[in-house]
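Reading through the C-alpha cells given below for one structure.
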C-alpha cells in the first residue's frame, strides 16, 4: 500500500492498539495472575484494573496522535478569506503534522492567488476611476466652464429682471462645476500623486468637512515617507471609504482622522466618529476595504470607539515585514 498520511495514521492507530493488547496478553500469560471458573471477586477487580490501565494508555496515545486535528478544526472554523497569516504551528512529530504542513501550504497558495486576482481587479478599478475622472474634468468640466463664460456677457446685457434669473442659473452651473471637480478628485486624487499622502489626507478631511456633514479633525504625523505607492493608495482609499460611511450612515457630528507611526515602525490609520456605532452587517464598502488591506498585508479592524461611535483602524507593517 502506498504510504499516505491517511494510511500512516491507520497503521499508527492499529499499532498502538495491537501493542497494548499484546502487552496485556503477556502480563496475563507470564504474570502470577490466574482466573478461576467461576471467577472470584478479587480476580474480577484485578482484571478490571488491568482493563482500565489498557484503555487509559490507549486513550493517551491516541490523543497525542490526533491532537493536531483539534487545532486544524479550530482554524477551519475561524478561517476568513480576507484575514491573512492565520496558520497552525508547523513541524513536530507524527503523521498528522504532515497534514498540518500541507494545510498551511494550501492556505499560502490560496492567499497568494487571491492577492494576485484582487490586485488585478483593483488595478483595473483604479484605471477606470482615472479614466472617468479625466473625462469629468476634460469634458463635463470644460463644458460647464464654457457655459459660465458665455453666460457672463448675456447677464451683463440682459434687463434687470432677466439678469437676476440668469445669475441664479450661473450659480447653479458654478455649483455643478464644483461638484464635478469634487467627484473627479474623489475618483482619482491628483494631490496624492503630486504632493503625497499627508497633503492628500488633509485635502480629504477638508473636503468632507465642507459637505455639511460631520466636522472632521485630522492628526497626520509628519515624516511618514517610504511607504510605497501601493500602501499610500490603500491608506487613502480606506480613509476615504471610512469617512464616506461616517457621512452617509453614522449620523455623527464629529469624526477624527489620524495617521501615525507606532514604536514598532508600523503606520496606523485611525478613523473614529461619535455616531451610531459599528454596522450590523458587512457591506460592499467594508468588503472592499478588507480586500485592499489584504493586498499589503495590513490588519484592518472595525469596532466600537471609546465613548461610542465607530473606529476603523488600519495597521500597516513596515515594507520589509509585509507578506509578499
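Numbering (the working numbering), first residue to last: -18 to 305. Cβ atoms here follow ideal geometry from the backbone N, Cα and C, with glycine treated the same way.
Assigned with DSSP and collapsed to three states, residue 263 falls in coil, not helix or strand.
Rounded to whole angstroms, the gap between the alpha carbons of residue 52 and residue 39 is 21 Å.
By the neighbour-count definition (other C-beta atoms within 10 Å, threshold 16), residue 156 is an exposed residue.
The C-beta distance from residue 215 to residue 274 rounds to 7 Å, short enough to fall under 8 Å. Closest option to residue 253, judged by alpha-carbon separation, among 174, 243, 80, 239: 239. Counting every other CB atom within 10 Å of its CB across the protein chains shown gives residue 57 a total below 16, marking it as exposed. Ranked by Cα distance from residue 294, the options 188, 190, 97, 270 are led by 270. Looking at the backbone, the Cα of residue 246 and that of residue 205 are separated by about 10 Å.
Here residue 211 really is in contact with residue 277; their C-beta atoms are around 6 Å apart, less than 8 Å.
Rounded to whole angstroms, residue 237 and residue 288 show a C-alpha spacing of 13 Å.
In the structure shown, residue 254 adopts extended strand secondary structure according to DSSP, grouped into three states.
Put simply, of 261, 222, 117 the residue whose alpha carbon is nearest the alpha carbon of residue 163 is 117. Bridge pairing for residue 284: 292 [DSSP]. Where residue 234 is concerned, there is no enclosing beta strand (DSSP E), because DSSP gives it neither an H nor an E. By the neighbour-count criterion, in which 16 or more other beta carbons inside 10 Å mark a residue as buried, residue 248 falls on the buried side. An exposed status is given to residue 131, since fewer than 16 other beta-carbon atoms sit within 10 Å of its beta-carbon.
Distance check between residue 234 and each of 272, 291, 185, 260 places 291 closest, using alpha-carbon atoms only. In the three-state scheme derived from DSSP, where H, G and I count as helix and E and B as strand, residue 68 is classed as coil. The continuous alpha helix (DSSP H) containing residue 135 extends over residues 123 to 138. Ranking 55, 35, 209 by CA distance to the CA of residue 174 puts 209 first.
Between residue 110 and residue 168, the CB-CB gap stays under 7 Å. At least 7 Å separates the beta-carbon of residue 165 from that of residue 172. Here the alpha carbon of residue 27 sits roughly 35 Å from the alpha carbon of residue 50.
Residue burial is scored here from C-beta neighbours: residue 2 has fewer than 16 other C-beta atoms within 10 angstroms and is therefore classed as exposed. Counting along the chain, the unbroken beta strand (DSSP E) around residue 197 starts and ends at 196 to 201. The C-beta distance from residue 151 to residue 127 rounds to 13 Å, too long to meet the 8 Å contact threshold.
Residue state for residue 276 is assigned as helix, using DSSP reduced to three classes.
Taking the Cα of residue 54 as reference, the smallest distance to any Cα among 33, 261, 35, 81 is reached at 81. For residue 175, the enclosing alpha helix (DSSP H) begins and ends at 171 to 176.
In this structure, residue 263 and residue 224 do not form a Cβ contact; the two beta carbons are roughly 18 Å apart against a cut-off of 8 Å.
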